[in-house]
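Chemist: Just so you know, we're using this note's numbering here: the sequence shown kicks off at 49 and counts up by one.
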Amino acid sequence: YEPRVVVIEYNGDKDSKEKTVMIGKGITFDSGGYSLKPSRSMVSMKFDMSGSAIVAATMKAIAQLKPKKNVAAIMCITDNR
Numbered sequence: 049y050e051p052r053v054v055v056i057e058y059n060g061d062k063d064s065k066e067k068t069v070m071i072g073k074g075i076t077f078d079s080g081g082y083s084l085k086p087s088r089s090m091v092s093m094k095f096d097m098s099g100s101a102i103v104a105a106t107m108k109a110i111a112q113l114k115p116k117k118n119v120a121a122i123m124c125i126t127d128n129r
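See the structure below:
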């Protein structure tokens, strides 16, 4: 798949121009097969997608809670090529 930038917006206060923006990094990697990187460098790679996961979960909670706030999420999604 090609890299993507995902933008999600929640507009709970149409009268306000204020907006909170969250940005999350989402890098996945294939841990199967041969690896050119030393294993000690790959141990923390599982956290490279946690930024986008947290941002997506926060946006889901915001949509369910329906606060009177404007919030946007920007997530950069790709694999570690």
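Glycine included, C-beta positions come from ideal geometry on N, C-alpha and C.
For clarity, every value in this text was computed on a predicted model and none was experimentally measured.
Can you pull the DSSP bridge partners for residue 74?
Modeler: The residue labelled residue 74 in the question sits at position 26 within the sequence shown. BP columns for residue 74 point to 125.
Chemist: Under the rule that 16 or more other beta-carbon atoms within 10 Å means buried, what is residue 111, buried or exposed?
Modeler: In the sequence shown, counting from the first residue as 1, residue 111 sits at position 63. Result: exposed.
Chemist: Using only alpha-carbon positions, find the residue among 121, 126, 115, 122 that is nearest to residue 62.
Modeler: Along the sequence shown, read from residue 1 onward, the residue named residue 62 stands at position 14. For residue 62, the nearest C-alpha among the options comes from 115.
Chemist: Tell me, please, which residues DSSP counts as bridged to residue 57.
Modeler: In the sequence shown, residue 57 corresponds to position 9, counting from 1. Looking at the DSSP assignment, residue 57 forms a beta bridge with 120.
Chemist: Provide the residue span of the alpha helix (DSSP H) that contains residue 107, from first to last.
Modeler: The sequence position of residue 107 within the sequence shown is 59, counting from 1. Where residue 107 is concerned, the enclosing alpha helix (DSSP H) stretches over 98-113.
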